[in-house]
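Chemist: Take the sequence shown: its letter number 43 is residue 43 in our numbering, and every next letter is one higher. Dropping the structure in here first, questions after.
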Amino acid sequence: MASQIKTTLSTLKSTMIRAAFVRGFKEARKGLPMDYDCYGGGHETNARWQYERGRQLGCIYFGELKRGARVTYAAEQAMQTAIYNQWIR
Numbered sequence: 001m002a003s004q005i006k007t008t009l010s011t012l013k014s015t016m017i018r019a020a021f022v023r024g025f026k027e028a029r030k031g032l033p034m035d036y037d038c039y040g041g042g043h044e045t046n047a048r049w050q051y052e053r054g055r056q057l058g059c060i061y062f063g064e065l066k067r068g069a070r071v072t073y074a075a076e077q078a079m080q081t082a083i084y085n086q087w088i089r
């Protein structure tokens, strides 16, 4: 039986600035199919989750994700709303 990975608490912004999240967001916005193998290998479980959450947000939020290196306030609010309503888990 596989063991659970170690989990840690993080903020929305710290998740939303990760490369995997941004990649998933951008790919979803471009209409690209999901790349199931992009973060394989077992060591990238968190990156796979971030990629998927980025794709989900990219499907429901049509504003800009980042301005420069910072996550936009509107994107952060959209993510909070999606999590609160359980559209993204």
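For every residue, glycine included, the Cβ atom is placed at its ideal position computed from N, Cα and C. In this text, all values refer to a predicted model and were calculated from it rather than measured experimentally.
Residue 63 to residue 37, Cα distance in whole Å?
Modeler: Linking residue 63 to residue 37 through their CA atoms gives a straight-line distance of about 27 Å.
Chemist: Please report the Cβ distance between residue 68 and residue 22, rounded to the nearest whole angstrom; I am assuming they are in contact, meaning their Cβ atoms lie under 8 Å.
Modeler: So it is not a contact: roughly 13 Å between Cβ atoms.
Chemist: Given a cut-off of 8 Å, decide if residue 50 and residue 18 are closer than it, judged by their beta-carbon atoms.
Modeler: yes
Chemist: Of all the options 15, 75 and 6, which has the alpha carbon lying nearest to the alpha carbon of residue 52?
Modeler: 15
Chemist: Starting from the C-beta of residue 74, find all residues in its chain whose C-beta is less than 7 Å away, skip the five residues before and the five after it, and write them out in chain order.
Modeler: 63
Chemist: Bridge partners of residue 71, per DSSP?
Modeler: The partner list for residue 71 (beta bridge, DSSP) reads 66.
Chemist: Is the distance from the Cβ of residue 26 to the Cβ of residue 76 below 8 Å?
Modeler: The criterion of a C-beta distance shorter than 8 Å is not satisfied by residue 26 and residue 76.
Chemist: Looking only at its own chain, which residues have a Cβ that is under 6 Å from the Cβ of residue 88, when we skip the five neighbours before and after it?
Modeler: Correct list, in chain order: 53, 56 and 82.
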